[in-house]
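> If you scroll down you'll find the structure; I have some questions about it.
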Amino acid sequence: MQNEFLNELVESKSTVFCFLVNGIKLEGVIDGFDQFSVMLSANHGVGSTQLIMKSAISTIVPKMNAGAPKSF
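Set out below in structure tokens:
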């Protein structure tokens, strides 16, 4: 289920809110992921890509006005 959800977000290039376990909210597009991490690129600015460990992520929410995946 996790892989299907993340794959759909990668393919659709949907903007997401990524909430971390410490309460920080990140916004961007998921470029890719693996078993342990997610690569998130900010919608603004060049070179603002972050590698986020999945263990630090609480919730990923598609931003509704950005063409959220229809299968979820």
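Residue numbering for the sequence shown follows my numbering, beginning at -9 and increasing consecutively.
Glycine included, C-beta positions come from ideal geometry on N, C-alpha and C.
(1) Quick check on L30: buried or exposed, where buried means 16 or more other Cβ atoms within 10 Å of its Cβ?
(2) Kindly indicate the opening and closing residues of the beta strand (DSSP E) around Q25.
(3) Rounded to the nearest angstrom, how far is the Cβ of M43 from that of F23, given a contact under 8 Å?
(4) Can you tell me which residues form a DSSP beta bridge with M43?
(5) Buried or exposed: which applies to V51, given that a residue is buried once 16 or more other Cβ atoms fall within 10 Å of its Cβ?
For this structure:
(1) Taking the sequence shown and counting its residues from 1, one reaches residue 30 at position 40. Looking at its Cβ environment, which holds 16 or more other Cβ atoms inside 10 Å, L30 is buried.
(2) Looking up residue 25 in the sequence shown gives position 35. Looking at the DSSP string, Q25 is not in any beta strand (DSSP E), and its letter there is neither H nor E.
(3) Working through the sequence shown from its first residue, we reach residue 43 at position 53. Working through the sequence shown from its first residue, we reach residue 23 at position 33. Not really, about 11 Å apart at Cβ, beyond 8 Å.
(4) As a first step, residue 43 is located in the sequence shown; it is residue number 53 there, counting from the start. In the DSSP output, where bridge partners are listed per residue, M43 has S27.
(5) In the sequence shown, the residue the question calls residue 51 occupies position 61. Its Cβ having fewer than 16 others within 10 Å, V51 is exposed.
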